[in-house]
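Per my numbering, residue 1 is the first one in the sequence shown, and the count goes up by one each step. All C-beta atoms, glycine included, are put in the ideal place defined by N, C-alpha and C. See structure below.
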Amino acid sequence: MTRLLLPALALALALAFPALQAGAAEPGCVARCREMAAKGELRSGVNEKGCVTNVCQEDGRRFYKSGEFEQALASLDVLSTSLERSPSYRLDRGLVYYALGRFDEALADFDASLVNLPDAFIASAQRAHTLIRLGRFDDAHAGFAKLLDAKASAREFRGLRTRSYLLGNMGVIDLFRGDAKKAKQELAEALQIDGRNTQAATYIYRVLPQLEAGTIDAAGLASFYGATEDAGTGDRKRAERETAAVIEKYPKFPESYFLEAELLRNSYRYEDCERILRGGERAIPSEIDLAAERLRCSLLKSGPTSAAAKPALAELKRLNQDHPENVLVKEILHALDLY
Numbered sequence: 001m002t003r004l005l006l007p008a009l010a011l012a013l014a015l016a017f018p019a020l021q022a023g024a025a026e027p028g029c030v031a032r033c034r035e036m037a038a039k040g041e042l043r044s045g046v047n048e049k050g051c052v053t054n055v056c057q058e059d060g061r062r063f064y065k066s067g068e069f070e071q072a073l074a075s076l077d078v079l080s081t082s083l084e085r086s087p088s089y090r091l092d093r094g095l096v097y098y099a100l101g102r103f104d105e106a107l108a109d110f111d112a113s114l115v116n117l118p119d120a121f122i123a124s125a126q127r128a129h130t131l132i133r134l135g136r137f138d139d140a141h142a143g144f145a146k147l148l149d150a151k152a153s154a155r156e157f158r159g160l161r162t163r164s165y166l167l168g169n170m171g172v173i174d175l176f177r178g179d180a181k182k183a184k185q186e187l188a189e190a191l192q193i194d195g196r197n198t199q200a201a202t203y204i205y206r207v208l209p210q211l212e213a214g215t216i217d218a219a220g221l222a223s224f225y226g227a228t229e230d231a232g233t234g235d236r237k238r239a240e241r242e243t244a245a246v247i248e249k250y251p252k253f254p255e256s257y258f259l260e261a262e263l264l265r266n267s268y269r270y271e272d273c274e275r276i277l278r279g280g281e282r283a284i285p286s287e288i289d290l291a292a293e294r295l296r297c298s299l300l301k302s303g304p305t306s307a308a309a310k311p312a313l314a315e316l317k318r319l320n321q322d323h324p325e326n327v328l329v330k331e332i333l334h335a336l337d338l339y
């Protein structure tokens with residue numbers, strides 16, 4: 001079963017832009033509007049204050065999309081008084097707070113956004129995600145369940161049929177709540193509705209068996225979920241810390257090694273990637289995918305056609321011969337054009 005992959009582009013963007021430091025100069029949107037007003041370049045009917053409102057909110061959204069979360073917050077905070085009651089503004093800032101791991105503040109903004117637009121789907125869904133991060137699993141499950149009856153549930157959201165997205169998240173939450181039977185039903189239905197739901201596939205085929213085998217518990221799964229969320233928003237450092245903590249406490253849970261290895265691989269830390277996966281192989285020698293992923297890092301480190309890559313390539317080919325049923329080994333060979 002293919003595991004849920006991380007958005008490498010988001011990770012790269014998050015690394016590429018340094019955060020603003022406390023006490024830094026005012027956001028560029030304010031300075032630009034002041035300069036345009038001084039030069040008489042503002043559009044007819046738009047004053048400097050109106051310019052700041054429009055440009056700073058646009059900058060906040062742009063910085064958020066590019067992974068520059070501190071810059072996004074600095075731009076949006078300029079408008080905290082003037083747009084306090086704006087649902088779109090509170091949603092924008094809530095998304096930034098969530099990406100920064102400031103979940104209490106994110107929840108406050110999503111709640112405020114929903115005051116005047118109680119049926120807003122995105123704010124409601126993100127509110128439910130935030131409740132998961134705060135450990136309020138019952139409230140989070142209720143939030144997703146409520147959206148099943150929304151008109152938007154017949155559409156697509158985040159690249160999935162919306163009903164599949166909602167049921168997948170409800171299934172994950174039920175694993176956290178200790179109801180594996182209900183979780184399995186929800187995850188199976190989510191996958192049946194939309195086969196693209198990699199989260200549902202990962203949890204039903206990879207994670208749930210580990211939970212049933214006792215290699216991880218509900219609390220550990222919640223920590224693992226948090227790490228995947230942080231990796232997805234681009235907070236690589238926090239994701240690495242959380243994943244390392246899961247590995248230390250649950251050394252026989254393979255998915256944490258895969259996540260940590262992917263984080264390291266996406267930041268070109270191939271030797272660290274090899275080290276983490278070797279530890280996984282020692283802890284779980286029956287998990288062939290750990291060896292395959294380690295060899296992927298070895299080949300990326302040296303270049304698959306270099307002389308230094310020959311031992312890793314030979315080992316990968318032996319792995320393929322010894323385990324012809326293993327899909328990942330074949331995928332790596334094909335991806336490196338070595339099959």
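Report the three-state DSSP secondary structure of residue i (helix, strand or coil).
i    : result
E271 : helix
L336 : coil
E156 : strand
R136 : coil
R340 : Lying outside 1 to 339, the shown extent of the chain, residue 340 is not represented and no answer is given.
R340 : Residue 340 lies beyond the residue range present for the chain, which begins at 1 and ends at 339; the question has no answer from this structure.
P87  : helix
V78  : coil
F69  : helix
E287 : coil
L299 : helix
K330 : helix
N197 : coil
P324 : coil
A150 : coil
N47  : coil
Y205 : helix
R177 : coil
T53  : helix
P304 : coil
Y250 : coil
G168 : helix
R34  : helix
Return the CA-CA distance between residue i and residue j, expressed in angstroms with no decimal places.
i    : j    : result
N326 : S66  : 37 Å
E274 : Y98  : 31 Å
V329 : A128 : 37 Å
D104 : A31  : 31 Å
P324 : E84  : 60 Å
Q71  : D109 : 18 Å
C33  : R155 : 39 Å
E331 : S223 : 29 Å
A244 : E41  : 53 Å
L258 : E293 : According to the sequence as given, residue 258 is Phe; it is not Leu. So the alpha carbons of these two residues sit roughly 8 Å apart.
D217 : G171 : 15 Å
R269 : E240 : 12 Å
R238 : G135 : 17 Å
R360 : R278 : This structure gives no information on residue 360, because the portion of the chain shown stretches from 1 to 339.
A200 : R161 : 13 Å
R318 : P285 : 16 Å
C29  : Q321 : 59 Å
D92  : V115 : 15 Å
L112 : R90  : Correcting the residue type first, residue 112 is Ala in the shown sequence and not Leu. So the alpha carbons of these two residues sit roughly 7 Å apart.
A188 : E58  : 40 Å
K151 : D289 : 41 Å
D174 : K249 : 22 Å
F157 : K310 : 44 Å
For residue i, count neighbouring C-beta atoms within 10 Å of its own C-beta (all shown protein chains included) and say buried if the count is 16 or more, exposed if not.
i    : result
A38  : exposed
T130 : buried
N47  : exposed
P118 : exposed
S298 : buried
V78  : buried
T305 : exposed
H141 : buried
A227 : buried
G214 : exposed
T53  : buried
R340 : This structure leaves residue 340 out entirely; the chain is present only between 1 and 339.
D337 : exposed
S80  : exposed
A335 : exposed
R43  : exposed
Can you list, in chain order, the residues of its chain whose CB lies under 6 Å from that of residue i, leaving out five sequence neighbours each side?
i    : result
R282 : none
P87  : S113, N116 and L117
Excluding the 5 residues flanking residue i on each side, which residues of the same chain have their C-beta closer than 7 Å to its C-beta?
i    : result
A308 : S302
S143 : Reading off the sequence, residue 143 comes out as Gly, not Ser. S124, R127, A128 and L131.
G178 : A218
R163 : L148, S153 and I193
A145 : M170
L191 : N197, A200, A201 and I204
F176 : F137, A218, L221 and A222
Tell me which residues share the same chain as residue i and place their Cβ nearer than 8 Å to its Cβ, disregarding the 5 neighbours each side in the sequence.
i    : result
K184 : G171, I204 and L208
L76  : C56, Q57, G60, Y89, D92, R93 and V96
Y64  : A72, D92, L95, V96 and A99
Is it a yes or a no for the segment 231 to 246 touching the segment 195 to 209, going by three-plus beta-carbon pairs under 8 Å? no
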